[in-house]
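Chemist: One line per chain: the protein sequences are A and B, in this order. 23 is the number of the first residue of the first sequence in this note's numbering; add one for each residue after it. 97 is the number of the first residue of the second sequence in this note's numbering; add one for each residue after it. Provided herewith is a single structure, encoded as C-alpha cells, for subsequent inquiry.
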Amino acid sequence: MIEAKNLHKSFASKTGKVVAVDDVSFVAEDGQITGLLGPNGAGKTTTLRMLYSLMQPEPGSVSVDGFDSVRDAEAVRRRLGVLPDARGVYKRLTARENIAYFGRLHQMREVEIAARIATLSKALDMDDFLDRQTEGFSQGQRTKTAIARALVHDPMNVILDEPTNGLDVMTTRGLRDFLRHLREEGRCVIFSSHIMQEVAALCDRIVVIAKGRVVAQGTADELRRQTREDNLEDAFVKLIGSEEGLHA
Amino acid sequence: MNNALAAVITVMLKELRDLFRDKRTVRVALLMGPLLTPMMILGLLYMTEKRVSSQLEKPLELPVVGAQNAPNLVAWLGGQNVDVLPAPVDADAAIRSQERDVVLSIGKDYTEDWKNGTPAKVEIIHDTSRQDSDIPVERLEALLRAYSQTMGSLRLVARGVSPAVAVPVRIAHRDLATPESRRGMALAFLPYLLILSGFLGGAYLVVDVTAGERERQSLEPLLATPAARAAIMSGKIAAACAFGMLTLMLTLTMFKISFLLAPQMGVKLDVSIPTIFKLLVVLIPVVLLGTTLLTLIAATAKSVKEAQSYMSVLTLLPLIPTFILLVNPIKNQLWMFAVPFLSQNQLINKLVRSEDITPQEWGIYLAAGLGLGVVLWTLAARMYHREKLAISA
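Right, here's the structure in full:
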C-alpha cells in the first residue's frame, strides 16, 4: 500500500520558483491499479519521484507499506518496483544481464535471479531477445527489459511512469494484461498516463492531477457522477479544464 | 556493511564488463598509451644518443676562411679528426642558411701577430640558437684551446721559462653524479608521463559512468534500487581505478620490455621488478585522486561535454610542479611529499635513479595522497546525494 500525504515540490529556476506539485494526497491500495491521470506537465513524474524516494517532499510524506520514504528510504526501495520516466538500459549488456544486474543490487541470490528472469521473460514474452545485447532493441523490447528489471525482486508495490509511451497496439495490449496480472497477484500498482482511454481501460481508481494539484479522485463511475457527465472523456475535460491529453 | 560491499563489487564488475564489451575504446586505451609512450621515450633517447655519438666521433667538417694565413694551424687541425674544407663564398650566409654548423675565420693580421708574439685572432662563426651546432662548436673551441696552450708552452720553453709559471691555478672536476643519476637526467619528462597516465587513465570511464549514464537515462532506475548511493559511486570509482591501474601496469611492463630490448643505449634506468612495483605504489594515490576528482566534476556538471571540458585543464595540472622545479630547482624536503604531483615527481625521480626513499617519506606521501583521495571521495559522495544528480534534462 502506498500513501501520499500533502506532497509539495518546487524547483528553483532562472525565472524564479516553479511549483511542480502543490498538495497531492492519495492512497493506492493493494490489489488495485491506481492511475495518475493528467496532461503533460501536470506534475505526475515529480509526484512519482517522491513516491520512490528519489526526491524528498517539501513538505509532505510518503509511506510504502508503513515505511516512510525519507527516514526508511532503503526499506521503501526494497518494497518498490520502479519503471521511471528515464528507462535507459545498458546497451552493451544483454537483456538478461541488465535484469540480473538489478537483481544483484537487490541482494538476490543467483538462483533466485535466474528463476525470476525465467518467470518475467515468459510473462512479458521476452524469450526471443532475452540473450541479445540491447543495442538496437525496439522501443517495446527496451520497455519490457526495463519493466522486468524493475520487477526482478518481486516487489509488492509497482510504480510505472507512462509505461505505454511509444509502444504499438499489440505491445500495449500485452502490457495491460501484464498489469492486470500483477493486480490479481494482490500487488499495489500505480501508473501514470496522460491518455484517458488507457486509464479508463485499466484502473480501479483514478487520481486526476492538473497543475500540480489533485482535482478529483475515485472510480470511473464516481468521476462521472461527480462531474455529471455520462462520458468519461467529457468528465476529464471538465476536471482539468482543457482538452489537452485526450489523445495519444 | 556487507551489503554495501556487495553492492560496490556488483557495480564494479558490471562497469568493467560493460567497458570491456566496448572493444574499440578498450583497444585504444590499452594499446595507445602503453605502446606509444615507451616508444616515444625510447625513440627520443635513441635519436639524442645517435646525434651525440655521431657528432662526437665523425670527422668535424670545418670550412676555413683565410686558411692561407695560418697553414700550420690548419695542418694541425687536419691531424685532429677535422676535415678542413675550402671557404664558402659568404661564411655568414652559409651559417644562416644552416648549410654549415660552424665556420672558422682566420684574419689577415694572423701571420703578423703570430710573428710579433701578440695574440693572433681567429673567429668562430656560429649561431647559438641552433642546438645542432653546440657539439661542433664545442669541439672546435676545445681544439683551438689545446693548440693555443701547446704553442704558448713551446714559446715559454724557448725563452727558458717553465710553462707551469703560466698556470697559477689548475682546475680539476670531481663529478659525484652516479651513473644512474646521469641516466635519470635524460628522462626528465618520465614522471610527467607516468603521473598523467595514472591521473587520467581511468578518467573517461569515470566521467562516462556518472555523467554519461545520466545522459543515457539509466542513472535514475539505478538510484531507485536499495543500493546506497555511496556504494554505487564507490563501485564506479573502483572500476575506473582498476582500469587505470591496468593501463599503468601495461605501460610499466612496456617500459621494462623496451629497456630490455635496447640495453645498448646507455640510458638505462632502474627498471627492476621491485622498482616497477614501487612505481605502482607511488601511482595508486594518483589514480584515486584522478577518479574521485572526475567523479566530483561529473556529478556536478550538467553534461558529459561540460565534464570533459575540464580535462584539458587537468592534463596541465601535473605539469605545474615539473615546471616550477625546472625554473626554481629546490632540494628534496619532507613537505614536498605531501604535495600532490610534486611528491610523485620527486618519488619517481628518486626511484628511477635508484635512490633510497625513507619510511618517513613513504608514510607522509601515502597518508597525504590517500587522505586527499578520501576527502575528494566524501565530497563526491555528497554530490551523489543531490536530487538533481539522477535527473537529466
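The beta carbon of each residue, even a glycine, is placed where N, CA and C say it ideally should be. All values reported here derive from a predicted model rather than from experimental measurement.
Mind listing the chain B neighbours of residue 128 of chain A? Cutoff is C-beta to C-beta under 9 Å, in chain order.
Modeler: In chain order, 321, 322 and 323 make up the part of chain B whose C-beta sits under 9 Å from the C-beta of residue 128 of chain A.
Chemist: Give me whichever residues DSSP pairs with residue 116 of chain A in a beta bridge.
Modeler: By DSSP's assignment, residue 116 of chain A forms a beta bridge with A:155.
Chemist: Give me the chain A residues within the contact set of residue 483 of chain B, using Cβ-Cβ distance strictly less than 9 Å, ordered along the chain.
Modeler: 71, 76, 77 and 78
Chemist: Taking the straight line between their C-alpha atoms, what separation do you get for residue 431 of chain B and residue 464 of chain B?
Modeler: Distance between the alpha carbons of residue 431 of chain B and residue 464 of chain B: 10 Å.
Chemist: Beta-carbon within less than 6 Å of residue 270 of chain A's beta-carbon, same chain only, minus the 5 sequence neighbours each way: which residues are those?
Modeler: Confidence in residue 270 of chain A is poor, its pLDDT being 40 and thus under 50, which makes the residue's placement too unreliable to answer from.
Chemist: Quick one: Cα of residue 380 of chain B to Cα of residue 230 of chain A, how far?
Modeler: 56 Å
Chemist: Mind listing the chain A neighbours of residue 317 of chain B? Cutoff is C-beta to C-beta under 9 Å, in chain order.
Modeler: 104, 105, 106, 108, 109, 110, 111, 124, 168, 171 and 172
Chemist: Should residue 197 of chain B be labelled buried (16 or more other beta-carbon atoms within 10 Å of its own) or exposed?
Modeler: buried
Chemist: Hey, residue 221 of chain A and residue 212 of chain A are a contact pair by Cβ (cut 8 Å); roughly how many whole angstroms apart?
Modeler: Incorrect: roughly 12 Å between the Cβ atoms, too far for contact.
Chemist: Do you know offhand how far residue 268 of chain A's Cα is from residue 204 of chain A's?
Modeler: Confidence is the limiting factor: at residue 268 of chain A the pLDDT is only 49, short of 50, which leaves the residue's position unreliable, though a coordinate-based value still follows. About 26 Å.
Chemist: Going by alpha carbons, who is nearest to residue 199 of chain B out of B:188, B:193 and B:209?
Modeler: B:188
Chemist: Just mark residue 99 of chain B as buried or exposed, buried being the case when its beta carbon has 16 or more other beta carbons within 10 Å.
Modeler: exposed
Chemist: Output needed in chain order: residues of the region 326-339 of chain B with a Cβ under 7 Å from some Cβ in chain A.
Modeler: none
Chemist: State the Cα-Cα distance for the pair residue 105 of chain B and residue 46 of chain A, rounded to the nearest angstrom.
Modeler: Counting only the Cα atoms, residue 46 of chain A lies some 39 Å from residue 105 of chain B.
Chemist: If we cut at 8 Å on Cβ distances, does residue 123 of chain B have a partner in chain A?
Modeler: no
Chemist: Could you pull out every unbroken alpha helix (DSSP H) segment of at least 4 residues lying fully inside the region 157-236 of chain B, listed in chain order?
Modeler: 167-174, 187-192 and 206-212
Chemist: Using DSSP with H/G/I as helix, E/B as strand and the rest coil, what is residue 55 of chain A?
Modeler: strand
Chemist: Keeping to the same chain, check which residues put their C-beta closer than 7 Å to that of residue 468 of chain B; ignore five residues upstream and five downstream.
Modeler: 385 and 436
Chemist: If you draw a straight line from the C-alpha of residue 258 of chain B to the C-alpha of residue 249 of chain B, how long is it?
Modeler: 8 Å
Chemist: For a test of the three-state rule: what should DSSP assign to residue 29 of chain A, helix, strand or coil?
Modeler: strand
Chemist: If you run the structure through DSSP and keep just helix, strand and coil, what is residue 166 of chain A?
Modeler: helix
Chemist: Looking only at DSSP bridge pairs, what is residue 102 of chain A linked to?
Modeler: A:179
Chemist: At a CB distance below 7 Å, what residues from the region 91-103 of chain A approach chain B? Give them in sequence order.
Modeler: 96, 99 and 100
Chemist: Report the partner residues of residue 240 of chain A according to the DSSP bridge assignment.
Modeler: A:228.
Chemist: Would you say the region 30-38 of chain A touches the region 174-190 of chain A, given that touching needs at least three Cβ pairs under 8 Å?
Modeler: no
Chemist: Does the region 315-323 of chain B come close enough to the region 101-120 of chain A to have 3 or more Cβ pairs within less than 8 Å?
Modeler: yes
Chemist: Is the beta carbon of residue 83 of chain B less than 8 Å from the beta carbon of residue 400 of chain B?
Modeler: Outside the modelled stretch of chain B, which goes from 97 to 489, sits residue 83 of chain B, for which no answer is possible.
Chemist: For residue 209 of chain A, would you say it is in contact with chain B, using Cβ-to-Cβ distances shorter than 8 Å as the test?
Modeler: no
Chemist: So if DSSP puts residue 214 of chain A in a beta bridge, which residue, or which two residues, is it bridged to?
Modeler: Residue pairing by DSSP places residue 214 of chain A opposite A:58 and A:183 in a beta bridge.
Chemist: Check whether chain B comes within 8 Å of residue 270 of chain A, counting only Cβ atoms and requiring the distance to be less than that.
Modeler: Here the model assigns residue 270 of chain A a pLDDT of 40, short of 50, so the residue's position is not dependable, and the following value carries that caveat. Closer than 8 Å: no.
Chemist: Could you check which residue in B:240, B:116, B:112 and B:146 has the C-alpha nearest to that of residue 172 of chain B?
Modeler: Scanning B:240, B:116, B:112 and B:146 for the CA closest to the CA of residue 172 of chain B turns up B:240.
Chemist: Opposite residue 84 of chain A in the DSSP bridges: which residues?
Modeler: A:26
Chemist: Which same chain residues, not among the five before or five after residue 99 of chain A, have their C-beta less than 8 Å away from its C-beta?
Modeler: So the list reads 74 and 75, once near-sequence residues are dropped.
Chemist: Using the Cβ count rule (16 or more neighbours within 10 Å means buried), how would you classify residue 110 of chain A?
Modeler: buried
Chemist: With distances taken between CB atoms, is the gap from residue 346 of chain B to residue 126 of chain B smaller than 8 Å?
Modeler: Yes.
Chemist: Buried or exposed for residue 343 of chain B, please, with buried defined as at least 16 other CB atoms from any protein chain shown within 10 angstroms of its CB.
Modeler: buried
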